Every structure is written in structure tokens, then in C-alpha cells.
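Structure, as C-alpha cells:
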Amino acid sequence: MDPNHSNIKNRKRTSEEIYHQACKIIPGGVSRNTIFHKPYPHYISHASGCYTTDIDGTQRIDFANNMAALIHGHTHPEIENAIINQIKKGTAYSMATETEVLYAQQLCDRAPSFEKIRFVNSGTEAVMAMIKTARAFTGRPKIAKAEGAYHGTYDFAEVSQTPKPTNWGNIDSPNSVALATGTPQAVLDNVLIFPYNDIERTLAILDKNANELACVLIDLVPHRVGLMKGDHEFINAIYEWTRKNDVLIAFDEVVTFRVNYGGAQQNYNIKPDLTALGKIIGGGFPIGAFTGRADVMKVLDPSENKLLFPHSGTFSANPVSMTAGRIAMEMFNKEAILKLNTLTQKAINQIREAIKIADVPVSITGAGSMFRLHLKSVAPTSFREAYQTKETKLLINEMLDYLFFKENIMMINTLACMFSTVIKQKEVDILSQAFLNMFKQFKSQLDTFQ
Ligand SMILES: Cc1ncc(COP(=O)(O)O)c(C=O)c1O
Numbered sequence: 192m193d194p195n196h197s198n199i200k201n202r203k204r205t206s207e208e209i210y211h212q213a214c215k216i217i218p219g220g221v222s223r224n225t226i227f228h229k230p231y232p233h234y235i236s237h238a239s240g241c242y243t244t245d246i247d248g249t250q251r252i253d254f255a256n257n258m259a260a261l262i263h264g265h266t267h268p269e270i271e272n273a274i275i276n277q278i279k280k281g282t283a284y285s286m287a288t289e290t291e292v293l294y295a296q297q298l299c300d301r302a303p304s305f306e307k308i309r310f311v312n313s314g315t316e317a318v319m320a321m322i323k324t325a326r327a328f329t330g331r332p333k334i335a336k337a338e339g340a341y342h343g344t345y346d347f348a349e350v351s352q353t354p355k356p357t358n359w360g361n362i363d364s365p366n367s368v369a370l371a372t373g374t375p376q377a378v379l380d381n382v383l384i385f386p387y388n389d390i391e392r393t394l395a396i397l398d399k400n401a402n403e404l405a406c407v408l409i410d411l412v413p414h415r416v417g418l419m420k421g422d423h424e425f426i427n428a429i430y431e432w433t434r435k436n437d438v439l440i441a442f443d444e445v446v447t448f449r450v451n452y453g454g455a456q457q458n459y460n461i462k463p464d465l466t467a468l469g470k471i472i473g474g475g476f477p478i479g480a481f482t483g484r485a486d487v488m489k490v491l492d493p494s495e496n497k498l499l500f501p502h503s504g505t506f507s508a509n510p511v512s513m514t515a516g517r518i519a520m521e522m523f524n525k526e527a528i529l530k531l532n533t534l535t536q537k538a539i540n541q542i543r544e545a546i547k548i549a550d551v552p553v554s555i556t557g558a559g560s561m562f563r564l565h566l567k568s569v570a571p572t573s574f575r576e577a578y579q580t581k582e583t584k585l586l587i588n589e590m591l592d593y594l595f596f597k598e599n600i601m602m603i604n605t606l607a608c609m610f611s612t613v614i615k616q617k618e619v620d621i622l623s624q625a626f627l628n629m630f631k632q633f634k635s636q637l638d639t640f641q
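Using this note's numbering, the letters of the sequence shown map in sequence onto residues 192 to 641.
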């Protein structure tokens, strides 16, 4: 134990002090790199609605919402009451719960492609299980994914998550770039990379590997690619290609499920074979789910003579996540979604006005209740266009610090906002004024990024 521990036990420690201890026992002092911040991250005291208060006493408006996971902000009273009741009855058992079945029904009723569903504990696990389901069903090993797309931390899903100009290769056939050092070559050999929103090149890449592909993995509004919407023609072309070639199309809606009642897929005239869910469907608790065609999901059915994909998880469908998620998604009905998306669009319009007033080369992409700012006057349409150089990243970090420390605003570190239903016009006005102040403050640096 830290020798100073007993002396400081009885007084409130500063974030800096806690971080000092954290660094001794946690690599880099953090369990998730998105929290990492130089010189130290700020530690939370409590949060309510769309406001967080750190242990140093500063209150901020939360536009990050735990990386898009909190659709009703913090400590929503209805979710709080429901989970307190559940916790009193137990939090995890080696038995089934009715809540799981009720929640499964509720989610399956939201989208026609959700015929059967299984719960897991994170978006990573949902994407992983979805890929394994596709492999088990097709008997084929490979997957295809977009360059720069983030799909969680499964080996195969994280290939080419952060490629650079020095290793991304020719756009006609992008390299499969390892994220973690030590990734087996076999993983890279089994992941095809295609350029998002580029029909011709993508279809050419898929054609070359049609016989070996289990699924094409698609995020309809991929955050790290640039949070631009998938063009309808692009998504349709991939869909048609998968129909012709007996390959599954698997949507990662871990983030985009918030875009519409049935997820972003509702905005496309497509019924995917499989969909991965996570984040908001946990009502603030860890969760993931994968869902899709009944005949495909049969590979998971232990009552079949031959079980093609044996699948389990100690905390899968735990009643706390099920209860919180069910209440959260019940409240996230069509009316709430329309209201939230309308307010977000209003925020985008106000920020565009601020961009105009400050006359800075900044553009915005996004969909539904999410948007991201880019330090270029024309919004990027591909990962390589949206790519942030070291200099861009440095400026973005300075801007995020300005917002965090001077304007008391929390955003996602890509300069993105993920709204929650508890944000109101008052917070939108504060946000757009903060952006205007920031654009004015950084104008001369921003102008160099034309
Ligand atoms: C599109 C997408 N898929 C999957 C994941 C992984 O989810 P989790 O962090 O719950 O494992 C994320 C997380 O940010 C994501 O953005």
C-alpha cells in the first residue's frame, strides 16, 4: 500500500494525487485509453442528468455520455429505481431470468431484421460473436471491413483500425494493418480491407475473395472513419453483392442504434443478416447483443443435433443490465428519438453559424444524435480524407482542453458529441457559444489547416 495512504485517507484527494497512485498499479494509470489525459485524467465525483462533477469540484456539461453509451444521461430516476429493485433481488444467478426474455422481445420488435437475439457483455463481444456466427453459418473464415473503422477489440475486428499513410498501402487494395504488436499474420490474412463509400474499389476487393468470405462488416455511420453516413448507393451495392455471392452482411450498430427506432438500418432499405448492438441498450450498464436471421442464429442453438457455435458468458444477460436496458429503451421511443435528433440538428445548425461568424475552415459530419467536427472546410467523405495528422491531433487536443477547462464542456476526443435525451436548448446554446469562443481563440491556427 502507498505509505501516504493512511495520512490522506480522511481528506479528499485531488485528481493528481489519485493518478499518482494509479500509475503505480495500472499501466498508464488507466483501464481504458480514451480516459487517458496529460498530465493526468480528472476523476469523477458524481453526475446527474447531463452534468458531471469531478472530485476537484468542477461541474461540466456532458456531451460524451460515456462514449455514446448513455442515452438518458446520468442517474435517470426511472432507471435508478428499477435497478435498485433488481439489485435487492440479486445481481447474477446461474439461472435464467424473465427480464432477459422480455427485453429480447422488446428489442426484436424494433427492427424486422432482428429475428433472434443473444445478449453478451460489451460491443466488442457482440461483434466477435457476430463474426463467429457468420463463420459458423457459412463455413468460411474471412471477413471484410472498412479501413479505419472501429469495431471493438477482437483481433479480427481491429485490423486496420488506425492505419497511417506510411502503411495503409494502395487505395485499390488497402493493406491489412495490425493494431496490436504481435497480432498473428493469420489474423491479417483473414481480414480484407476496403475503402468506405468507394463502391468500385470495394466491389473489386470483395470479388477477388468471394469464395472465402463469411461476412462483410459494416458500420452505417463509422465514427473513426469520419462519422459520415454510408452512402445509400454504397450500402446497397454491398448488400446486392452479398446476395449474389452468398456472403452475409453484418451491421455493427453498437453506436448507430441510437440513430433511429430500429437503428440506422431503418434509414436504408436493407435487412442485414446480422446486427451487433451495445452501448445505449445497457441503460448505463455493460452490455452487448447480436441479432439477426433465425436460420443464421440457429448455429447457437444448443438443442440442435450439431451445435456449430458453442457460446456462453458468465455475466451475459445479467438482470441488472437487462433491467436498466429495458427501461432505457422503453423510454427511447419514436417520439423521444425524433425530439433528440431534432435538438441535435439544431445544435449542428447553431455550430455551423458559429463557424460562419468566426470564419474558420471547420466542417461537421454526423447522423441522428451524433456529430463530429473536422478541421477542414469541406467535410471528408472517406477515412483517408478524414485522417488526422500529428499536427491536426495536437490542435484538436488543445481545443478539447480549452472546452474542458475554460468552457466546462466534455466531448469525445475526436471532437465529437453524442447527445442524450436530458440535454435541452439551454445546454445547446452554451455549447454553440463555447464553440464560437473557441473558434475565435484558435482562428489563426485553424486557418493553417484549410
Ligand atoms: C462501432 C463500435 N463497435 C464496437 C464497439 C465496442 O464496444 P465496447 O467498447 O462496448 O466493447 C465500439 C466501442 O466504441 C464501437 O464504437
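Just so you know, even glycine gets a beta-carbon here, dropped at the ideal spot from N, CA and C.
Owing to the predicted nature of the structure, the values given are computational and were not obtained by experimental measurement.
Supposed close pair residue i, residue j - CB separation, criterion 8 angstroms
i, j, result
"Val553", "Leu499", "Actually they are not in contact, since the Cβ atoms of Val553 and Leu499 sit about 49 angstroms apart, beyond 8 angstroms."
"Phe310", "Ala485", "No, Phe310 and Ala485 are not in contact; Cβ-Cβ is about 17 angstroms, not under 8 angstroms."
"Leu439", "Ala405", "6 angstroms"
"Ile461", "Glu424", "At roughly 12 angstroms, the Cβ-Cβ gap does not stay under 8 angstroms, so Ile461 and Glu424 are not in contact."
"Leu465", "Thr612", "The Cβ separation is near 28 angstroms, so there is no contact."
"Ala348", "His342", "4 angstroms"
"Lys138", "Val446", "What is shown of the chain runs 192 to 641, which leaves residue 138 out entirely."
"Leu418", "Phe562", "7 angstroms"
"Gly264", "Cys241", "5 angstroms"
"Pro392", "Ile362", "Here residue 392 is Arg; the residue named in the question, Pro, does not match the sequence. Indeed, because the Cβ distance is near 7 angstroms, the residues count as touching under 8 angstroms."
"Asp443", "Ile396", "The Cβ separation is near 19 angstroms, so there is no contact."
"Ala340", "Arg223", "With 8 angstroms as the limit, Ala340 and Arg223 do not qualify as a contact, their Cβ atoms being about 19 angstroms apart."
"Ile274", "Thr514", "6 angstroms"
Near ligand 1: residue i beta-carbon under 7 angstroms from a heavy atom
i, result
"Met258", "yes"
"His228", "no"
"Tyr341", "yes"
"Val318", "yes"
"Ser313", "yes"
"Asp410", "yes"
"Asp443", "yes"
"Lys420", "no"
"Val446", "yes"
"Lys470", "yes"
"Gly643", "Because the chain is modelled from 192 through 641, residue 643 falls outside the range shown and cannot be assessed."
"His423", "no"
"Pro414", "The sequence shown places His at residue 414, not Pro. His414 Cβ: within cutoff of ligand 1."
Close-in-space but distant-in-sequence residues of the same chain around residue i (CB under 7 angstroms, 5 per side omitted)
i, result
"Leu293", "Arg517"
"Ser512", "Gly473, Phe476, Pro477, Ile478"
"Tyr452", "Arg301, Lys525, Ile528"
"Ala549", "Leu627, Phe630, Lys631, Lys634"
"Ser239", "His265, Thr266"
"Leu531", "Ser560, Phe610, Thr612"
Proximal residues to residue i (C-beta, below 6 angstroms), its chain only, five neighbours per side dropped
i, result
"Met192", "Any reading at Met192 is ruled out, since the residue's pLDDT is 48, under 50, leaving its predicted position unreliable."
"Pro510", "Gln277, Thr288, Thr290"
"Glu316", "Gly479"
"Ile587", "Leu606"
"Asn256", "Met609, Ser611"
"Ile614", "Cys241"
Close Cβ partners of residue i (< 8 angstroms) along its chain, the five nearest in sequence each way excluded
i, result
"Thr282", "Asn509, Pro510, Val511"
"Trp359", "Glu338, Ser351, Pro365, Asn366, Val368, Arg575"
"Pro375", "Asp346"
"Pro303", "Gly453, Lys462"
"Ala519", "Ile262, His263, His267, Ile270, Ile471, Ile472, Gly473, Gly474, Gly475"
"Thr344", "Thr315"
"Val382", "Lys333, Ile334, Ala335, Lys336, Phe347, Val350, Ser351, Ser367"
Touching or not, the segment 228-242 and the segment 199-214, by the rule of three or more beta carbon pairs under 8 angstroms?
-> yes
Kindly confirm or deny that the segment 582-600 and the segment 248-267 touch, where touching means at least three C-beta pairs closer than 8 angstroms.
-> yes
Given 8 angstroms, three or more beta-carbon pairs between the segment 518-532 and the segment 283-293 | no
Inter-stretch contact (C-beta, 8 angstroms, three-pair minimum) for the segment 441-460 and the segment 266-282 = no
Are three or more beta carbon pairs between the segment 612-630 and the segment 545-552 nearer than 8 angstroms?
-> yes
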